[in-house]
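In numbering that gives the first Met the number 0, the protein residues as written are 0 to 136.
Data first, discussion second: the structure below is written as structure tokens.
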Amino acid sequence: MSLKIRLSRGGAKKAPFYRLVIADSRSPRDGRFVERVGTHNPRLPHDHAERLVVKEDRIKHWLSVGALPTNRVQRLLSKVGLTEMPKINEQTKKNKPRAKTVERMKEAEGEAKTKSEASTSAEEASAENAAEEKTEG
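Structure follows, in structure tokens:
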């Protein structure tokens, strides 16, 4: 039986309240569980003492027995100091622009370079003309 430390939802509609429970990974989210080890109230401010209430000794016991926390629970437990923050895997291609967008960006950069080069050469020419007029005058 593989055990998970996960959230079980309670509370009213649009007013969530979660229990941290030890449950069989095959049971439904709000279904049967082995033990209740804490609560999480996301409606309270982050610095409120009752936002996350855990039974640290029981969680340590279940972690030592082999229960695996879900990603969300692992993030909550890392704030208390019971586990480390879960590793966030970067998407390889989904977070990057598509090929056509990259081409357009390169074209825009090229145009910006040519405009900046033209403006700098125009500024240099006007500076030379001004310097020549001062020497002549």
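Note that CB positions come from ideal geometry on N, CA and C, so glycine has one too.
Name the residue from Glu-49, Leu-76, Phe-16 whose alpha carbon lies nearest to the alpha carbon of Leu-85.
-> By one-based count along the sequence shown, residue 85 stands at place 86. Position check: residue 85 holds Pro in this sequence, whereas Leu was assumed. Closest option to Pro-85, Cα to Cα, is Leu-76.
Measure from the alpha carbon of His-47 to the alpha carbon of each residue in Glu-55, His-60, Leu-62, Lys-78, then state which is nearest.
-> Looking up residue 47 in the sequence shown gives position 48. Of Glu-55, His-60, Leu-62, Lys-78, the residue nearest in Cα terms is Lys-78.
Just reading off the beta strand (DSSP E) that Val-36 is part of, what are its end residues?
-> Looking up residue 36 in the sequence shown gives position 37. Per DSSP, the continuous beta strand (DSSP E) segment holding Val-36 begins and ends at 34-39.
Leu-2 in three-state terms, based on DSSP | Position 3 of the sequence shown, counted from the start, is the residue given in the question as residue 2. When secondary structure is reduced to three states using DSSP, Leu-2 falls in the strand class.
Of the listed residues Ile-87, Gly-65, Val-72, nearest to Ser-1 (C-alpha basis) | Residue 1 sits at position 2 when you count from the first residue of the sequence shown. Taking Ser-1 as reference, the option from Ile-87, Gly-65, Val-72 with the minimal CA-CA separation is Gly-65.
What residues in its chain sit with their C-beta under 7 angstroms from that of Arg-8, if we drop five residues either side in the sequence?
-> Against the sequence shown, residue 8 aligns to sequence position 9. Sequence-distant partners of Arg-8 (beyond 5 residues in either direction) whose C-beta falls short of 7 angstroms from its own C-beta, in its chain, are Pro-15, Tyr-17, Arg-28, Asp-29.
Within this structure, are the beta carbons of Leu-51 and His-39 separated by less than 8 angstroms?
-> Residue numbering aside, residue 51 sits at position 52 when the sequence shown is read from its first letter. Residue numbering aside, residue 39 sits at position 40 when the sequence shown is read from its first letter. In this structure, Leu-51 places its C-beta atom within 8 angstroms of the C-beta atom of His-39.
Any idea which residues DSSP pairs Leu-81 with across the strands?
-> Translated into positions along the sequence shown, residue 81 becomes position 82. Per DSSP, none; premise fails for Leu-81.
Would you kindly check if the distance between the Cβ of Ser-24 and the Cβ of Lys-54 is under 8 angstroms?
-> On the sequence shown, residue 54 is found 55 positions in, with the first residue counted as 1. On the sequence shown, residue 24 is found 25 positions in, with the first residue counted as 1. Result no, Cβ atoms of Lys-54 and Ser-24 do not sit closer than 8 angstroms.
For Asp-23, the first and last residue of its enclosing beta strand (DSSP E) | In the sequence shown, the residue the question calls residue 23 occupies position 24. Where Asp-23 is concerned, the enclosing beta strand (DSSP E) stretches over 14-23.
Count the other C-beta atoms from every protein chain shown that fall within 10 angstroms of the C-beta of Pro-44, then say buried if there are 16 or more, exposed otherwise.
-> Walking along the sequence shown from the start, residue 44 turns up at place 45. Around the beta carbon of Pro-44, a 10 Å sphere encloses fewer than 16 other beta carbons of the protein chains shown; the residue is thus reported as exposed.
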